[in-house]
Amino acid sequence: MKVLFSVPIRSEQVECFRKEFPQIEFLVERNQLKSREELLEEIDIWVDYGLELTQEELQRAKNLKWLMVYSAGVDKLPKEEILKRNIFVTNVRGIHKHAIAEQVFGYMLYYVRKFDVTFQQQKNKEWNRNFKPQSLYGKTIGILGVGAIGQEIARKAKAFDMKVLGVRKTAKPTPYVDEIYSIEKMDRVLTSSDFIVTVFPNTPETKHIINKEAFSKMQEHVYFINIARGEIVDTQALLWALKKKKIAGAAIDVFEEEPLPKDHPLRSLENIFITPHSAGLFPDYISRANEIFKKNLWIFLTKMGEMTNIVDLKKGY
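Numbering follows the working numbering, with no gaps: position 105 of the sequence shown is 104.
In structure tokens, the structure reads:
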């Protein structure tokens, strides 16, 4: 059995795999003399980020049984080919939750504590207390998609004494969430929140779920945050909401078009905080992902237990 790593795994990490699983041949794509096309014809398991895989590549990997995706989103995968071949897919859902939650609170604190104002003062060598910082205390955060990341955001929100509203496919009780609603009742969250954070997976049901109508239902003082997928938000509707001051501001880490073009009109607005799809990055990302893969690989080989982070491509997550 052969495993191909197309992720930037270090040599010492590969050696750990080889010691634990001597019956498997582990190949690191960047270290091979063979082309990717040649390697794909030999492998049984492929470890990749899953962001740029093509249908043609999967068709070439005729023996592929399992695709291990070192990211949470699977919306970029060639879904039809995977389902037709019944290729098993797992991801690393959950490992980003601490970093992404921290980024969300970084955005919110930036806005409410007026760090943009004070940083500009610092650059201008000014000292002016004539501005009005706000507080997260007592504010309401609406989390659209209360999975692993959403629950971590909710947990941290409680440390700031915030009220937490949540939306998930089925409105079942969720830790740290004061009120939970189904997607059909999402309007209750849109109209009641001071901060709205989208954590929805990208599925046909959620594509452009945040549109002009959704922005119209938000309060004018709301700050909108997207750290999920760019396709969740209608970009033109976001541009409209910010230009017309239908919302106070936005912090956006993901876009429908990435990289965001240098001349994109969103870049010229003062009430948006743009980051380059970096919310999920943190030190030792590959090491954390490796631990999930190791556990699943042992179960895959021994058939003892149930693998974690199994992806249902029909649902999209």
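The beta-carbon is built from N, C-alpha and C at its ideal position, and this holds for glycine as well.
Taking all protein chains shown into account, do 16 or more other C-beta atoms lie within 10 angstroms of the C-beta of Q102, making it buried, or fewer, making it exposed? For this step, residue 102 is matched to residue 103 along the sequence shown. The residue in question, Q102, is buried, as its Cβ has 16 or more Cβ neighbours within 10 Å.
With DSSP run on the structure shown, which of helix, strand or coil describes G141? In the sequence shown, residue 141 corresponds to position 142, counting from 1. Reduced to three states, the DSSP call for G141 is strand.
Terminal residues of the continuous beta strand (DSSP E) containing L26? As a first step, residue 26 must be located in the sequence shown, where it is residue number 27. 24-27 is the extent of the beta strand (DSSP E) around L26.
Going by DSSP, what residue range makes up the alpha helix (DSSP H) through D323? The chain is shown only over 0 to 316; residue 323 falls outside these bounds and no answer can be derived.
Status (buried if at least 16 other CB within 10 Å, exposed otherwise) for M303: Numbered from its first residue, the sequence shown carries residue 303 at position 304. Under the 10 Å beta carbon count, M303 is surrounded by fewer than 16 other beta carbons and is classified as exposed.
Taking all protein chains shown into account, decide if K155 is buried (16 or more other Cβ within 10 angstroms of its Cβ) or exposed. Reading the sequence shown from its first residue, position 156 is the one you call residue 155. It counts as buried.
DSSP-derived helix/strand/coil call for I94: Position 95 of the sequence shown holds residue 94. Looking at I94 - three-state DSSP - the assignment turns out to be coil, as it is neither helix nor strand.
For K324 and Y175, I'd like the C-alpha separation in whole angstroms. The structure shown has nothing for residue 324, since the chain only spans 0 to 316.
G248 - DSSP class collapsed to helix/strand/coil: Position 249 of the sequence shown, counted from the first residue, corresponds to residue 248. G248 falls in the strand class under three-state DSSP.
Is K261 a contact residue of the ligand FAD, with contact defined as CB to any heavy atom under 8 Å? As for the ligand FAD, it is missing from this structure, which has no ligand bound.
Between the CA atoms of E28 and V198 - distance to the nearest angstrom: Indexing the sequence shown from 1 puts residue 198 at position 199. Indexing the sequence shown from 1 puts residue 28 at position 29. Their Cα atoms are separated by approximately 32 Å.
Whole-angstrom C-beta distance between K75 and E151, which should lie under 8 Å: Working through the sequence shown from its first residue, we reach residue 151 at position 152. Working through the sequence shown from its first residue, we reach residue 75 at position 76. In fact, because the Cβ distance is near 24 Å, the residues do not count as touching under 8 Å.
Is it true that the region 288-299 meets the region 259-271, where meeting means three or more beta-carbon pairs spaced less than 8 Å apart? no
Run through the DSSP bridge pairs and tell me what M107 is partnered with. Start at 1 with the first residue of the sequence shown, and residue 107 comes out as number 108. In DSSP, M107 forms no bridge with anything.
Could you tell me the distance, in whole angstroms, from the CA atom of V145 to the CA atom of Q235? On the sequence shown, residue 145 is found 146 positions in, with the first residue counted as 1. On the sequence shown, residue 235 is found 236 positions in, with the first residue counted as 1. Cα-Cα distance, rounded: 26 Å.
Would DSSP call F254 helix, strand or coil? By 1-based counting over the sequence shown, the position of residue 254 is 255. Three-state DSSP puts F254 in coil, outside helix and strand.
Give the DSSP bridge partners of F87, in chain order. Position 88 of the sequence shown, counting from 1, holds the residue named residue 87. Looking at the DSSP output, F87 bridges to W65.
Run through DSSP, which three-state label would K168 get? Working through the sequence shown from its first residue, we reach residue 168 at position 169. In this structure, K168 counts as coil in the three-state DSSP scheme.
Does the separation of the CB atoms of F194 and F223 fall below 9 Å? One-based indexing of the sequence shown puts residue 194 at position 195. One-based indexing of the sequence shown puts residue 223 at position 224. Yes, they are a contact pair.
Looking at the secondary structure, which residues open and close the alpha helix (DSSP H) in which N295 lies? Here the question's residue 295 lines up with position 296 in the sequence shown. 284-301 is the extent of the alpha helix (DSSP H) around N295.
Pull up the DSSP beta-bridge partners for K162, would you. Locating residue 162 in the sequence shown gives position 163, where the first residue counts as 1. DSSP output for K162 lists T139 as bridge partner(s).
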